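Engineer:
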Amino acid sequence: MTVEPPEPPLAPRVIQTDRTEPVPVRHDPEDAAVPPPPPLPKRRSPFGYALAGLALLILAGFVVDAVRLIQSAFALGLGLGIVTALLLGLGVAGPLVWLLWEWRSLSGLKHLDRLHDLSRAPTREQAVRVAEATLRLLPPSPRADEFRRQLQPHHDGDDVLNLARAVVLPPSDQAARQVVRRAVLQTAALTVLSPTVLIDTLLFVVRAVAMLRGVAQAYGQHPGLAGLRHLLREIVRETATLGAVELGGQVLGEVGGKAVERLGMVTGSVLAAQRMARLGLLAMRVCRPIPFDTTEAPTITQLAGDVIGR
Amino acid sequence: MSTLRLAVTGLSRAGKTVFITSLVHNLLSAGHGGSTMTNLLAVRSRRLVAARMQPEEAQDLPVFPYRSNLAHMTAAEPHWPGHTETISRIDLAVRVRPETVWGRLNRGRLTIELIDYPGEWLLDLPLLNTSFAAWSKAVLESCREGPRERLAADWLRFLADHPAHLPAEQEVAKRGHLLYRDFLHACRDDAGLCFLQPARFVRPGDQPDAPLMWFCPLDLGGAKPKSGSLGELMEKRFEAYKEKVVAPFFEGNFRKFDRQIVLVDVLSALHGGWHAFKDVEAALDVVSRCFSYGSANWFTSWFRPSIEKVLFAATKADHVTAPQRDHLRELLRRMVLEPAGRARYEGATAEVLALASVVCTADDVETIDGRRVDVVLGKPIGEDRQVKVFPGAIPITPPERAFFGARFQGYPVFQPPRFPVLPTDGIPHIKLDSALEFLLGDQLA
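Protein chains in written order, with this note's numbering: chain A, 1 to 310; chain E, 311 to 755.
#1: Can you confirm whether A/Gly305, when its beta carbon is compared against all beta carbons of chain E, has any partner nearer than 8 Å?
#2: At what residues does the alpha helix (DSSP H) containing E/Ile571 begin and finish?
#3: Taking all protein chains shown into account, do 16 or more other C-beta atoms lie within 10 angstroms of the C-beta of E/Gln480, making it buried, or fewer, making it exposed?
#4: Rounded to whole angstroms, what's the CA-CA distance from A/Thr301 to A/Gly89? Just pull it up for me.
#5: Would you check if there are 3 or more beta carbon pairs closer than 8 Å linking the region 709-716 of chain E to the region 578-596 of chain E?
#6: The alpha helix (DSSP H) that contains A/Ile199, what's its start and end?
#7: So E/Ala474 and E/Leu540 are in contact, right, with Cβ under 8 Å, and what is the actual spacing, rounded?
#8: Could you please give me the residues that DSSP links to E/Ile678 through a beta bridge?
#9: May I ask you to list, following chain order, the residues of the region 348-366 of chain E that have a beta carbon less than 7 Å from some beta carbon of chain A?
#10: Which first and last residues belong to the alpha helix (DSSP H) in which A/Ala50 is found?
#11: Is DSSP giving E/Ser539 helix, strand or coil here?
#12: Can you tell me whether A/Leu311 is buried or exposed? The criterion is at least 16 other CB atoms within 10 Å of its CB, across all chains shown.
#13: Compute the Euclidean distance between the alpha carbons of E/Gly361 and A/Asp159, then round it to the nearest angstrom.
#14: Can we say the region 374-388 of chain E touches the region 716-734 of chain E, given the rule of at least three CB pairs closer than 8 Å?
#15: Note down the Cα distance separating E/Gly651 from E/Ile330, rounded to an integer number of angstroms.
#16: A/Ile15 touches chain E at which residues, Cβ-Cβ below 9 Å?
#17: Do we get a CB-CB distance below 8 Å when we pair E/Ile740 with the residues of chain A?
#18: Is A/Pro171 close to chain E, meaning its C-beta is less than 8 Å from at least one C-beta of that chain?
#19: Check whether the region 565-575 of chain E touches the region 615-629 of chain E, counting contact only when three or more Cβ pairs, one atom from each stretch, lie closer than 8 Å.
#20: Under 8 Å, Cβ to Cβ, is there at least one residue of chain B near A/Gln126?
#21: For a test of the three-state rule: what should DSSP assign to E/Gly344, helix, strand or coil?
#22: Mind checking if A/Pro139 is an interface residue toward chain E, Cβ cutoff 8 Å exclusive?
#23: Would you mind sorting E/Ala623 into buried or exposed? The rule is 16 or more other CB atoms within 10 Å of its CB.
#24: With 16 other CB atoms within 10 Å as the buried threshold, where does E/Pro701 fall?
#25: With a 10 Å radius around its C-beta and 16 neighbouring C-beta atoms as the bar for buried, classify E/Leu358 as buried or exposed.
#26: With DSSP as the reference, label E/Tyr603 as helix, strand or coil.
#27: In three-state DSSP terms, what is E/Ile330?
#28: Let me confirm a value: A/Glu7 is counted as buried when at least 16 other C-beta atoms fall within 10 Å, else exposed. Which label applies?
#29: Does the count of Cβ pairs from the region 525-538 of chain E and the region 713-720 of chain E closer than 8 Å reach three?
#30: Could you tell me the boundaries of the beta strand (DSSP E) in which E/Leu642 lies?
#31: CB-CB under 7 Å to E/Gln369, same chain, minus the five flanking residues each way: which ones, in chain order?
#32: Whose C-alpha, out of E/Ile740, E/Thr394 and E/Thr671, is nearest the C-alpha of A/Pro22?
#33: Between E/Glu618 and chain A, is the shortest Cβ-Cβ distance under 8 Å, so that the two count as touching?
#34: What does DSSP give as the partner residues of E/Leu621 in its beta bridges?
#35: State the DSSP-derived secondary structure class of A/Ser269, mapped to helix, strand or coil.
#36: For E/Cys670, return the contacting residues in chain A, with the cut-off set at a CB-CB distance below 8 Å.
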């Protein structure tokens with residue numbers, strides 16, 4: 001076997017052209033917006049095909065049973081047959097709508113996971129796709145045109161993502177921070193007012209779930225699968241800790257009198273608010289289509305500034 | 311309001327003037343909603359409220375010609391600002407919505423002090439800690455090989471005819487000075503060398519051609535020059551030059567810096583050949599020893615000012631294609647291993663990147679000798695047709711001597727791009743905002 005010798009390196013050189021137009025260093029601000037690139041390719045999983053086959057089998061069995069049921073009802077009487085068919089139709093349509101909604105939600109979550117994967121050290125093309133996918137997630141706005149207008153040929157992947165973070169995401173970030181801020185304030189107030197640990201805990205869970213949904217909506221979708229599981233686990237943990245703090249407050253009250261009890265309640269309220277804030281920031285990290293970079297993720301201190309400066 | 315002194319350091323033609331002009335214009339544009347600085351977190355998070363040039367009422371240095379530079383770059387036939395002939399300064403005030411306690415204490419205001427000066431002058435700083443004998447010896451040793459040997463022929467002949475022990479004569483000293491000065495000019499213009507001392511011989515600025523300038527290195531043979539000899543005269547003038555020209559420049563402008571960016575034209579160094587490349591490496595090493603690095607707090611900074619962050623930046627990154635920019639950065643990273651290591655050892659933070667203060671090219675492809683290669687497309691100044699430039703291979707480690715072919719002097723000077731003179735859309739750049747994020751990001755929090 002012969003080995004080809006490596007090609008000698010080319011020397012630097014200048015090549016004349018016939019072109020006289022200006023060099024396309026940047027997009028002219030007066031230009032029309034750059035057309036968006038094609039959407040991200042979808043990944044096909046063999047597990048998905050297997051599940052689809054199983055679902056079809058179950059569906060077939062269900063259809064056969066339903067047809068038999070309707071036939072039997074019609075055999076007993078026309079009215080009964082019609083009522084049975086209508087009820088069956090409603091009974092099938094309801095879960096179908098719910099399943100469709102869940103499927104769409106799950107698709108969105110998987111899409112979000114892929115965006116997060118692509119956002120780690122992206123090439124320019126990957127970054128543009130992530131940004132365009134983010135624009136599709138959010139409600140239509142002039143931000144899309146602004147982003148495409150500002151996108152320059154010399155931008156690399158990081159530049160593109162940072163441009164999207166600067167131009168596309170600030171309104172969503174602001175909306176998400178407002179949701180978290182509201183949740184923090186309400187949690188602090190409710191924890192002081194609520195009479196028992198159980199009600200405290202319930203209120204915290206309800207508020208946390210509402211906040212989670214609000215943050216997700218601010219970013220135009222639902223949390224990722226892994227993120228949702230992670231967040232729910234956080235909610236359970238936070239709730240358990242909250243219960244412990246409140247119990248601690250009551251024990252203090254029994255031992256040290258009313259003044260200490262009040263102090264314990266206020267401390268518990270602040271702690272609950274702080275945990276809600278942490279949860280909210282976590283939700284923002286998970287739900288944001290383009291992840292925060294290392295320096296820009298909002299912190300508890302900034303959120304406290306939001307709350308105090310309100 | 312806090313003030314941050316940013317040392318824009320770079321050898322001649324590294325791009326300091328254009329860097330400062332672009333920095334000022336892009337920060338002013340960011341204050342007007344421009345989106346060219348999105349790698350700067352304060353801009354990205356929309357916390358940068360406004361930027362403005364500070365009035366220069368009590369300024370002790372000439373004002374940096376920002377508007378005049380901008381006028382050159384946005385003229386009907388755009389061109390670059392001329393060579394920097396003297397020192398100048400510009401103060402830029404930036405206001406942000408602060409997110410930290412420190413930022414709130416300063417009411418979110420930061421003044422950035424920027425100083426521009428001829429890059430050659432930087433090479434005078436090492437002279438402050440050098441004796442005439444040691445300096446003469448180093449210069450003469452450098453003239454024993456490479457292009458210096460050839461270009462110094464006339465001056466070396468003069469030295470052979472006029473040993474240091476001869477009686478001092480004004481005319482002889484001046485002739486020696488002129489021959490040495492011509493040699494330095496030839497080193498710069500014919501061989502692309504940059505490590506040229508004393509700097510005022512090459513770029514005098516407003517320094518008059520006074521007798522204290524009439525000296526040159528001499529072969530002292532290890533002995534102290536006798537009283538009344540040519541050697542003693544030259545030594546006296548060398549010391550006077552240090553005391554009256556170099557020291558005031560250093561003490562007045564380079565003593566107190568908080569952050570530093572070192573601009574290096576790596577591509578030109580590569581194209582300049584082996585000796586030019588080694589010259590740049592040596593100059594970077596020597597110059598970096600003149601600065602004091604280390605982490606400082608408000609208390610210690612009163613007594614020992616030091617640079618907390620230093621960024622080494624390969625400039626003119628738009629002169630290579632996008633895939634080669636990483637190579638440019640990696641090459642510089644290895645070129646400045648020692649200076650960066652010293653800064654880190656002292657407690658400073660050091661980083662390396664490739665940037666272009668102004669982008670004036672676009673990427674393209676071309677087939678050369680049957681090979682499809684990436685090239686850059688630009689329009690040279692004074693020409694009406696675009697050219698494609700293949701910049702050659704960019705190694706990621708400082709190459710061996712065999713890598714260098716003939717000196718490539720044909721890289722055109724490209725026209726600046728079209729951009730509005732008003733600070734609205736900014737100037738297209740590569741990673742200028744990343745550089746600022748590293749250097750100033752914490753001060754804008």
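Ideal Cβ positions, reconstructed from N, Cα and C, are used throughout, including at glycine.
The model shown is predicted, which means the values in this text are computed figures rather than measured ones.
Structural biologist: In this structure, then:
#1: yes
#2: Element bounds for E/Ile571: not the alpha helix (DSSP H) but the beta strand (DSSP E), Arg569 to Val574.
#3: Exposed, because fewer than 16 other Cβ atoms sit within 10 Å of the Cβ of E/Gln480.
#4: Cα to Cα, the separation comes out at about 54 Å.
#5: Because the criterion of three Cβ pairs below 8 Å is met, the region 709-716 of chain E and the region 578-596 of chain E touch.
#6: Val197 to Ala218 is the span of the alpha helix (DSSP H), which, as asked, contains A/Ile199.
#7: 6 Å
#8: E/Arg681
#9: Thr348, Asn349, Leu351, Val353, Arg354, Ser355 and Arg356
#10: Pro46 to Leu76
#11: strand
#12: Given a span of 1 to 310 for chain A in the structure shown, any question on residue 311 of chain A remains unanswerable.
#13: According to the sequence as given, residue 361 of chain E is Ala; it is not Gly. Roughly 22 Å separates the two Cα atoms.
#14: yes
#15: 26 Å
#16: Glu676, Ile678, Val685, Val697, Lys698, Val699 and Phe700
#17: yes
#18: no
#19: Touching, per the Cβ criterion.
#20: Absent from the structure is chain B; the protein chains it does hold are A and E.
#21: DSSP, read as helix, strand or coil, puts E/Gly344 in coil.
#22: no
#23: buried
#24: buried
#25: buried
#26: strand
#27: helix
#28: exposed
#29: no
#30: Careful: E/Leu642 lies outside any beta strand (DSSP E), inside the alpha helix (DSSP H) at Ala632 to Met645.
#31: Contacts found: Arg399.
#32: E/Thr671
#33: no
#34: Partner(s): E/Ile571 and E/Glu661.
#35: helix
#36: Val23 and Val25
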